[in-house]
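So the sequences go chain by chain: R and A.
Under my numbering, the first residue of the first sequence carries the number 1, and numbering increases by one thereafter.
Under my numbering, the first residue of the second sequence carries the number 284, and numbering increases by one thereafter.
Yeah, the Cβ is synthetic: ideal placement off N, Cα and C, and Gly gets one too.
Here's the structure we're looking at; comments come further down.
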Amino acid sequence: MNARLRWRKLVSGFMLTMTGVCALVAVSVLFFILGYLVYHGGNAINWDFFTKLPTPVGESGGGMANAIVGSAKLLFLASLLGVPIGFFGGIYLSEFSGSKVAFVVRYAADLLNGVPSIVIGIFAYALVVLPFKHFSTIAGAFGLGLMMIPITLRSTEEFLKAVPRALREGSMALGASKWKTIMHVVVPAAYRGIMTAILLALARVAGETAPLLFTAFSNRYWSPGWNQPTASLPVMIFTYAISPYDDWHRQAWAAGLVLLGLILMVNIIARVILSRGVAVPRS
Amino acid sequence: MASSTINVPNASPVVGSRSFLSRLRNGDEIARVITFLFAASVVLITLLLIFELWTGSALPRHKFGLHFFFTKVWDPIAEQFGALPFIYGTLITAGVALILAVPLGIGAAIFLAELAPQKLSDPLQFFIDLLAAVPSVIYGLLGVFIVIPIMRQFIQPALKNSLGFLPLFQGPAYGVGFLTAGVVLAIMVIPYIISVSREVLMSVPRDQREAALALGSTRWESTWKVVVPFAKTGIMGSIFLALARALGETMAVTMVIGNTPTISSSLFSPGYSIAAVIANEFTEATGDMYLQALIELGLVLFLLTFILNGLARLLMLLTTERGSGMGQV
């Protein structure tokens with residue numbers, strides 16, 4: 001009996017240790033990724049990387065200035081599509097809608113959220129590239145904007161719903177209309193949460209590659225205006241990483257470091273704000 | 284208007300043809316309609332997506348019918364399209380990923396939810412969340428330059444020496460292939476399994492644990508025989524979610540799977556996946572049939588992830604009642 005108990009305790013201790021090992025392995029992956037990127041990318045990164053265009057094949061040096069600007073343009077345009085639809089749609093869900101409509105909208109948003117990014121690419125291709133007959137910043141941004149909608153929508157809704165009822169009632173009691181109450185009381189109360197959610201959505205689509213492959217395509221030069229194919233950081237990482245040139249590999253690491261650095265920074269800031277700031281008193 | 288947290292504007296009476304109240308009501312009506320249009324556009328976009336995938340793949344659907352899924356000839360020049368190698372590659376790599384990721388993910392989730400004090404659990408979860416934010420092309424980059432060489436030099440030869448009698452681990456070790464893609468996918472989906480499973484485990488009532496402990500079970504027995512079964516459906520949900528992610532994952536797989544349409548029992552063999560073939564061939568597709576065959580692959584991928592995501596949400600809803608949709612109605 002005593003031996004049996006000792007055995008059970010042994011098993012318990014062993015298995016619990018193993019779960020700790022699992023957690024350690026999972027978390028250490030992050031530090032492996034960061035370590036490799038800093039090690040390889042840090043060696044390759046220099047001022048040229050941010051200021052110069054890619055050089056022709058075979059020539060060393062050059063940078064990815066066009067891809068950095070291209071990514072920024074794509075993200076700007078994407079948020080013009082994704083943020084208003086997500087934000088106002090979220091207001092509708094939280095403040096106006098009945099349960100049936102809300103269910104349908106939420107269901108559609110979750111469906112859209114689960115669509116593989118490559119399929120989003122096909123959709124943007126069919127809707128924007130085919131009619132215009134060429135790849136463009138607009139087409140790429142359309143794809144990325146679509147991916148922002150569900151994230152912005154659901155988080156706007158959640159944060160608005162967390163605003164205490166008393167605030168709304170106080171405002172209405174003072175004679176403000178429903179719309180004024182929403183815009184001047186409810187949205188400001190949930191403002192911080194919504195902004196961080198939008199930042200997180202931007203960070204997520206910033207790294208998306210698949211929707212850009214056949215919408216924004218790529219470009220080894222500057223992309224003037226919005227109607228030309230454009231380079232972007234993720235697509236450059238992809239093409240450079242699978243290329244046979246050592247110099248391109250180095251640049252891919254540098255681009256990876258810049259991209260991941262930006263994404264993680266936004267994530268850390270957003271999550272710290274969310275956890276510290278207590279944007280909204282949750283009841 | 285710049286406004287701090289609580290700033291109720293003066294509801295000053297307005298002089299006008301209509302009464303104050305009806306104007307207010309009208310303002311609200313307009314706001315309602317406008318926000319409704321934004322919300323409705325989400326539904327519209329989703330329907331349009333399905334419509335485009337369906338009509339965009341009409342040619343191959345009519346020409347090949349169900350044969351599309353069961354033939355393995357992919358010959359754009361002869362306009363013969365069979366998706367079997369891609370479906371095979373997608374399923375095999377996702378399967379390998381789950382075999383590796385599920386035990387590790389659930390183990391880590393148990394540690395975070397049951398064992399670790401909150402002071403340790405919260406920062407670790409923070410790192411897991413960051414891991415989920417790493418874009419797939421970065422995983423691909425590390426896959427190409429770190430995982431492939433390690434697989435070729437160490438892991439594949441080791442597997443061959445120890446388990447080489449199984450058909451799974453035979454053939455030359457190229458580095459690229461099903462196994463490597465599966466490993467990279469596993470690393471990518473582990474954060475999803477951990478996050479969801481941890482939440483589900485934490486929602487198990489305290490009494491369950493205390494009752495088991497009071498009956499004399501060890502800490503592990505209370506976890507494994509009481510808490511985990513209680514959270515079983517939710518954990519299954521997290522696995523479905525991970526599976527959906529793995530099936531739809533494009534960039535990382537494209538970079539390490541080898542991009543050769545083969546059906547082989549060996550995990551060392553290079554292969555191809557649905558998402559990878561779309562990524563590689565879409566811009567080069569000449570002719571309607573070729574392009575539409577690729578779109579049909581996109582439709583297949585969409586349906587697969589649609590079903591899996593639906594199942595995942597249903598299962599999570601059943602345990603925690605805080606999934607999306609019905610829980611809030």
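Residue closest to residue i, alpha-carbon to alpha-carbon, out of the options
i        : options                                   : result
Gly225/R : Ala72/R, Ser275/R and Trp47/R             : Ala72/R
Val417/A : Gln491/A, Ile578/A, Ile470/A and Pro432/A : Ile470/A
Arg250/R : Ile557/A, Val427/A and Leu407/A           : Val427/A
Ala576/A : Val379/A, Val509/A and His345/A           : His345/A
Gly372/A : Pro553/A, Leu586/A, Arg596/A and Gly570/A : Pro553/A
Phe50/R  : Ala241/R, Ser232/R and Leu146/R           : Ser232/R
Ser548/A : Gly423/A, Ile333/A, Leu462/A and Leu342/A : Leu462/A
Val483/A : Leu600/A, Glu579/A, Ile546/A and Asp490/A : Leu600/A
Val104/R : Thr137/R, Ala126/R, Arg154/R and Thr55/R  : Arg154/R
Ala399/A : Ala67/R, Leu16/R and Phe159/R             : Leu16/R
Thr376/A : Gly531/A, Ala568/A and Phe585/A           : Gly531/A
Val57/R  : Ile268/R, Asp246/R and Leu260/R           : Asp246/R
Asp490/A : Pro386/A, Gly447/A and Ser505/A           : Ser505/A
Gly339/A : Val583/A, Ile578/A and Gly365/A           : Ile578/A
Phe347/A : Thr569/A, Ile360/A, Val325/A and Phe364/A : Phe364/A
Tyr107/R : Phe523/A, Ala322/A and Ala525/A           : Ala322/A
Ala141/R : Ile151/R, Pro164/R and Gly70/R            : Gly70/R
Ala525/A : Pro386/A, Ala361/A, Ile540/A and Leu349/A : Pro386/A
Exposed unless 16 or more other CB atoms sit within 10 angstroms - verdict on residue i
i        : result
Val356/A : exposed
Phe76/R  : exposed
Leu327/A : exposed
Thr501/A : buried
Asn592/A : buried
Met265/R : exposed
Ser607/A : In this prediction, Ser607/A has a pLDDT of 38, which is less than 50 and means its spatial position is unreliable; what the coordinates show is noted afterwards. Answer is buried; the Cβ neighbour count reaches 16.
Ile313/A : exposed
Val272/R : exposed
Ala279/R : Any reading at Ala279/R is ruled out, since the residue's pLDDT is 47, under 50, leaving its predicted position unreliable.
Leu330/A : exposed
Trp507/A : buried
Asn219/R : buried
Val430/A : buried
Lys402/A : exposed
Tyr221/R : exposed
Ser177/R : buried
Val509/A : buried
Glu335/A : buried
Ser480/A : buried
Gln436/A : exposed
Leu449/A : exposed
Ile68/R  : buried
Thr279/A : Missing from the structure shown is residue 279/A; chain A here goes from 284 to 612 and no further.
Ile360/A : exposed
Enclosing alpha helix (DSSP H) for residue i [first to last residue]
i        : result
Ile182/R : Taken as a continuous stretch (DSSP letters only), Ile182/R belongs to no alpha helix (DSSP H), as it is neither H nor E.
Gly170/R : Arg165 to Ala173
Arg528/A : Lys515 to Gly531
Gly143/R : Thr137 to Lys161
Leu30/R  : Asn2 to Ala44
Asn563/A : Ile557 to Glu564
Asn267/R : Asp246 to Arg276
Trp47/R  : Trp47 to Thr51
Tyr371/A : Leu367 to Ile393
Pro343/A : Ala341 to Phe347
Met434/A : Note, Met434/A: premise wrong, no alpha helix (DSSP H); not H, not E.
Trp503/A : Arg502 to Ser505
Inter-stretch contact (C-beta, 8 Å, three-pair minimum) for the stretch 101 to 120 of chain R and the stretch 205 to 221 of chain R: Result yes; three or more Cβ-Cβ pairs closer than 8 Å.
Meets three-Cβ-pair contact criterion under 8 Å: the stretch 25 to 33 of chain R and the stretch 512 to 522 of chain A: Between the stretch 25 to 33 of chain R and the stretch 512 to 522 of chain A, the count of C-beta pairs closer than 8 Å stays below three; the two stretches do not touch.
Contact residues within the stretch 569 to 582 of chain A, judged by C-beta distance below 7 Å to chain R: Only Ile578 and Gly581 from the stretch 569 to 582 of chain A bring a Cβ to less than 7 Å from some Cβ of chain R.
Members of the stretch 491 to 503 of chain A near chain R, C-beta cut-off 7 Å: So the list reads Thr501, Arg502 and Trp503, given in the order they occur along the chain.
Stretch pair the stretch 158 to 173 of chain R + the stretch 104 to 118 of chain R: three plus CB contacts closer than 8 Å: No: the two stretches stay apart, fewer than three of their Cβ pairs being nearer than 8 Å.
Segment contact flag, the stretch 44 to 63 of chain R with the stretch 254 to 269 of chain R, C-beta cutoff 8 Å, min 3 pairs: With three or more CB-CB distances shorter than 8 Å, the stretch 44 to 63 of chain R counts as touching the stretch 254 to 269 of chain R.
Chain-ordered residues of the stretch 389 to 410 of chain A with a beta carbon less than 7 Å from chain R: Taking 7 Å as the Cβ-Cβ cut-off against chain R, the residues of the stretch 389 to 410 of chain A that qualify are Gly390, Ala391, Ile393, Phe394, Leu395, Leu398, Leu407, Phe409 and Phe410.
Given 8 Å, three or more beta-carbon pairs between the stretch 175 to 187 of chain R and the stretch 90 to 98 of chain R: These segments touch.
Residues from the stretch 76 to 97 of chain R in contact with chain A, defined by Cβ distance under 9 Å: Listed in sequence order: Pro84, Ile85, Gly86, Phe87, Phe88, Gly89, Gly90, Ile91, Tyr92, Leu93, Glu95, Phe96 and Ser97.
Sufficient close CB pairs (3 or more, under 8 Å) joining the stretch 452 to 467 of chain A to the stretch 484 to 499 of chain A: Segment contact: the stretch 452 to 467 of chain A against the stretch 484 to 499 of chain A, fewer than three CB-CB distances shorter than 8 Å; contact not assigned.
Members of the stretch 203 to 217 of chain R near chain A, C-beta cut-off 8 Å: For the stretch 203 to 217 of chain R, residues whose beta-carbon sits nearer than 8 Å to a beta-carbon of chain A comprise Ala203, Arg204, Ala206, Gly207, Glu208, Thr209, Ala210, Leu213, Phe214 and Phe217.
Members of the stretch 250 to 273 of chain R near chain A, C-beta cut-off 8 Å: Cβ contacts with chain A come from Ala252, Trp253, Gly256, Leu259, Leu260, Ile263, Leu264, Asn267, Ile268 and Arg271.
Against chain R: residues of the stretch 361 to 373 of chain A by CB proximity under 7 Å: Listed in chain order, the positions of the stretch 361 to 373 of chain A with a beta carbon within less than 7 Å of a beta carbon of chain R would be empty, since no residue qualifies.
Contact list for the stretch 124 to 156 of chain R against chain A, Cβ threshold 9 Å: The residues in question are Tyr125, Ala126, Leu127, Phe135, Leu146, Ile149, Pro150, Leu153 and Arg154.
Near-chain R residues of the stretch 454 to 468 of chain A - C-beta to any C-beta below 9 Å: For the stretch 454 to 468 of chain A, the set of residues with a beta-carbon nearer than 9 Å to any beta-carbon of chain R is empty.
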